[in-house]
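Heads up: the sequence lines are chains A and B, in that order. Counting with my numbering, you get residues 2 to 107 for the letters of the first sequence. Counting with my numbering, you get residues 31 to 842 for the letters of the second sequence. Virtual Cβ for every residue (Gly too), placed ideally from N, Cα, C. Note that the structure is a prediction, hence the values are computed from the model and not measured. For reference, the structure discussed in these notes is given below.
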Amino acid sequence: MSEWIEVGTIDDIPKLGARVVKTAKGNIGVFRTAEDEIFALLDECPHKKGPLSQGIVHGKRVTCPLHNWNIELDGGEAVAPDEGCAISYAVKVEGGKVMLFTSPTA
Amino acid sequence: MKEKLVVIGNGMAGMRAVEELLEIAPDMYDIVVFGSEPYGNYNRILLSPVLAGEKTIDEIMLNSVEWYAENDITLHSSKTIVDIDRRACKVIADDGSEESYDRLLIATGSNPFIIPVPGHELPGVISFRDIKDVDDMLDASKAHKHAVVIGGGLLGLEAANGLMLQGMHVTVVHLMDTLMERQMDSASGAMLKTSLEERGLNFLMSTSTEAIVGEDHVKGVRFKGGLEIAADLVVMAVGIRPNMALAQKVGLHCERGLVVNDTMQTYDPRVYSVGECVQHRGETYGLVAPLFEQAKVCANHLAKMGIAKYEGSITSTKLKVTGIDLFSAGDFIGDESTEEIVMQDAAAGIYKKVVLKDNKIQGAVMYGDTVDGAWYFQLMRDGTDVSDFRKSLMLGQAHLGDSGHGGENAAATMADTMEVCGCNGINKGEIVQAITVKSLFTLDDVRSHTKASNSCGSCTGLVEQILANTLGGDYSAAPHLKPMCKCTEHTHDEVRKAIRVEHLTDIPSVMNLLNWKNADGCASCRPALNYYLLAAWPAEMKDDAQSRFINERAHANIQKDGTYSVIPRMWGGQTTPNELRAIADVVDKFELPEVKLTGGQRIDILGVKKDQLPAVWADLNAAGMVSGHAYGKALRTVKTCVGKTWCRFGTQDSTTLGMDLEKLTWGSWMPHKFKIAVSGCPRNCAEATIKDLGVVCVDSGYELHVGGNGGIKVRVTDLLCKVDTEAEVHEYTKAYIQLYREEAHYLERTAPWIERVGLSHVKKYVLDDPENRLALAARFEESQKYSQTDPWAERASEGVAQHEFVAMKEIG
């Protein structure tokens, strides 16, 4: 069953960084931008499944550590000219707490 | 209300300026474009392949009519502007319609030059400039047999080749005794002529046209001296002239072209101009790369940013005839003040000539094997002193040092199915396809679209060749000074200087002061900036973990499945039973899947999950082992042989020297990875002469070798010097490493760094100037004070960066 789950506080995630939430269906990377926006993507690059959570975050993008694809944190789309889309999850911050919706965004 | 920009000329230069403008200031202007031709904007330089039947018109369109609508641009095609009222700020078209402007961009290009011989106005006499000319030639080739092309330059030969491929019998008439004499010397011009003759073209050299014969249509051409040959089609391709008639008519200052300043502005401040119609600092240009540079500068000023300057271009030339490789750039003829180096193999069809002045390249001309054209061009533009590698200059870049990744060197003759990029599996056909279908013009474009040369980079020269062949005469390499990345206009050296001079100690200050375009940079510039700050201010700078690549953040090497590999340090490649036991125990305890010996005499434990790393490190630490930095842009390993302790040939104690050097240098961050080896005798079992620093012991002392590489391109070291004592080895090591740390660009190994700055440069600072050597060594020691802490111990038992290794939460 899908639901909103508290996964930690915003301060658990480094600015311009990411943390991993382990789930039965695989890891989800939870990203924090310089402006403290939070995004969540399945931790698999659409290219060769590289762990996006381990990449460098800049603007609203993350660069995959394996082959340098750039992925939009908002929606998971690969930045052109690369083509592909990472699976994204809804996430929200309430009173400093990070809430993750456990089913992927359609 | 928006200001209005009117563009006269719907060609490549004008539309490039519009595209650049839309990129940086999409909403600033209402844009109106006038073009004489009835099309959108097409790639004029690909008309030759269209004529040759290798491409269609659709394939060479750059901006379709729909594109103008999508970008809210009003396009008036088939309308020629005949007058400009500069006082009222309006243009007048040939149908009487008018359009007012706030700013005007003149991009009228050039006109083919028609020799005014008798009969030049006869039907059947055409030039080679636009789609209509190509259509005329294609029609003629269907109905007629004999064609004469007047002009043996680039355009003339491409036209002749195309007509021949369409089945015509073609004679090329040239006034001079060398084909393409502005791009070729007599030797290469003769080789070109021979190979074109073998393909079926006929030539009349040193021949001057007297008249074109015929009553109501061309029938033949008569030459001085009386010779007359039959012709149903005459193509005049003797050159182009800037099309400045309109500008002259309305009183804009013109000389050989419409004169502009460094901001592409004419003498009327509201009127700008780009392209072939322009004269800038006394030069006119007919190639695409300079026009695009002009377009970029012009857009910057139209957008009122006012920071860019066009300072002129140096260009190179290629011929777009399939299967013929030729290249030339600069002054390839030379004079009494220059020297020339020539390499010629007539049977193999190879000719190369480089003209030097004071050991700097002035120009080059090549035929047959042109793979190094881009390299010579780069050396020429950079003004590089080639004395350090002069004797191998003609063998090409791949032969600097030694052999490398084997590759093709004749892009034009490669089959489409041949692999170009061995890392990403990209073949020639895919690259050509991407260049034409996606309208790519630069190496960076090709890299991002195809990934070719995007990984190890060893095929870069070949990809540039394919780009040049596909775009033909109109390609030239990237601008002279390359910005660090797309986030900035500044070069690596400028950024490093600013960090030093302005005493900047963190990334935001650098980005702020140097006007970074993207607030937090990108994955390319952030690690570079972090390194530059750390190298400049080791005591003050606070390392930014989020700006480090994951390997340096996690202190282990990420693998394709997301696990990590762990390589403990083994000083000088020597180990003990206890260390080996500890490694074996770790592998058993954590059930790790693989153990492997590395090329640098270390042991690699593979398949470690990230959350296991601290516990693995704790066990290795307990046995006295520390991080091997096998994951870092840092000192990797010091490889040694057993030396005179055991070996009957050994001259010095190479193992102990290697261990001492590793203790001296471990933990230091570098522009790229750095490998050292120490061999105990000239048999060189530690392979010291392909390392960043190699020590080869001899009976009388120690040879210090620098700038070697055993990777992508094997490069044998250069001998820096020979010293007498181990103390000197230490001192020179510290100084050399520090010079590299302070000067090389991020991700530049010592081999390309030394090729860039020259061995003489390194000698000057490390060898010839003892005071400077000691100062460099002292700065290295100072920075080592802050770097020789074991990062594994900090994370395994001192609680550093724990968030890196544990999940935020586990659910389900």
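When secondary structure is reduced to three states using DSSP, D113 of chain B falls in the strand class. If you draw a straight line from the Cα of R46 of chain B to the Cα of V318 of chain B, it comes to about 10 Å. By the C-beta density criterion, M31 of chain B is exposed, having fewer than 16 other C-beta atoms within 10 angstroms. The stretch 119-126 of chain B makes no contact with the stretch 259-266 of chain B, as fewer than three CB pairs between them are under 8 Å. Between A837 of chain B and K23 of chain A the beta-carbon gap is near 5 Å, inside 8 Å, which marks them as a contact. A residue is called buried when at least 16 other Cβ atoms come within 10 angstroms of its Cβ; V372 of chain B does not meet this threshold and is exposed.
The contact set of L43 of chain A on chain B, defined by CB atoms closer than 8 Å, is empty, because the minimum CB distance reaches about 13 Å. DSSP lists no beta-bridge partner residue for H659 of chain B. The beta carbon of S485 of chain B sits closer than 7 Å to those of C453, N454, all from its chain and outside the five residues before and after it, given in chain order.
The beta carbon of V625 of chain B sits closer than 8 Å to those of I613, V617, I633, D634, I635, L636, all from its chain and outside the five residues before and after it, given in chain order. A residue is called buried when at least 16 other Cβ atoms come within 10 angstroms of its Cβ; A652 of chain B does not meet this threshold and is exposed.
Per DSSP, reduced to three states, the secondary structure at D418 of chain B is helical. Taking a C-beta distance under 8 Å as the contact criterion, L332 of chain B and V401 of chain B do not qualify as a contact pair. Cα atoms of Q427 of chain B and S417 of chain B: separation of roughly 14 Å, rounded to the nearest angstrom. Contact between Y661 of chain B and E733 of chain B is ruled out by a C-beta separation of about 31 Å, above the 8 Å threshold. Nearest neighbour of T86 of chain B by Cα position, chosen from B:Y72, B:Y98, B:A99, B:V95, turns out to be B:Y72.
According to the DSSP assignment, E73 of chain A belongs to the beta strand (DSSP E) that extends over 71-73. For I529 of chain B, the uninterrupted alpha helix (DSSP H) segment begins and ends at 522-531. Sorting B:K752, B:Y776, B:R713, B:V708 by C-alpha distance to the C-alpha of M700 of chain B places B:Y776 at the top. The stretch 391-409 of chain B and the stretch 375-382 of chain B touch, with no fewer than 3 CB-CB distances between them shorter than 8 Å.
I496 of chain B carries a helical assignment under DSSP once its states are collapsed to helix, strand and coil. From the beta-carbon of G60 of chain A, the residues of chain B found nearer than 7 Å are N548, A549, D550. Contact annotation, K703 of chain B with R745 of chain B: C-beta distance approximately 15 Å; criterion of less than 8 Å not satisfied. Just so you know, the alpha carbons of T103 of chain A and W5 of chain A end up roughly 7 Å apart. With fewer than 16 other beta carbons inside 10 angstroms of its own, H247 of chain B counts as exposed.
In this structure, T10 of chain A sits away from K93 of chain A, with a CB-CB distance that is not shorter than 8 Å.
According to DSSP, residue pairing for W5 of chain A in a beta bridge involves A:F102.
G70 of chain B and P320 of chain B have their alpha carbons spaced roughly 22 Å apart.
The stretch 190-198 of chain B and the stretch 167-180 of chain B touch, with three or more beta-carbon pairs separated by less than 8 Å. It is roughly 5 Å from the alpha-carbon of G56 of chain A to the alpha-carbon of T64 of chain A.
Within chain A, the residues D13, I14, P15, G18, R20 have their CB atoms less than 9 Å from the CB of H833 of chain B, given in chain order.
Rounded to the nearest whole angstrom, the C-alpha separation of S657 of chain B and V668 of chain B is 14 Å.
DSSP places K626 of chain B within a strand segment (E or B) once states are collapsed to three. Put simply, the backbone Cα of A565 of chain B is about 11 Å away from that of Y770 of chain B. In this structure, DSSP gives D634 of chain B an extended state, which the three-state scheme calls strand. In the DSSP annotation of this structure, the continuous segment of the beta strand (DSSP E) that includes N141 of chain B starts and ends at 140-142.
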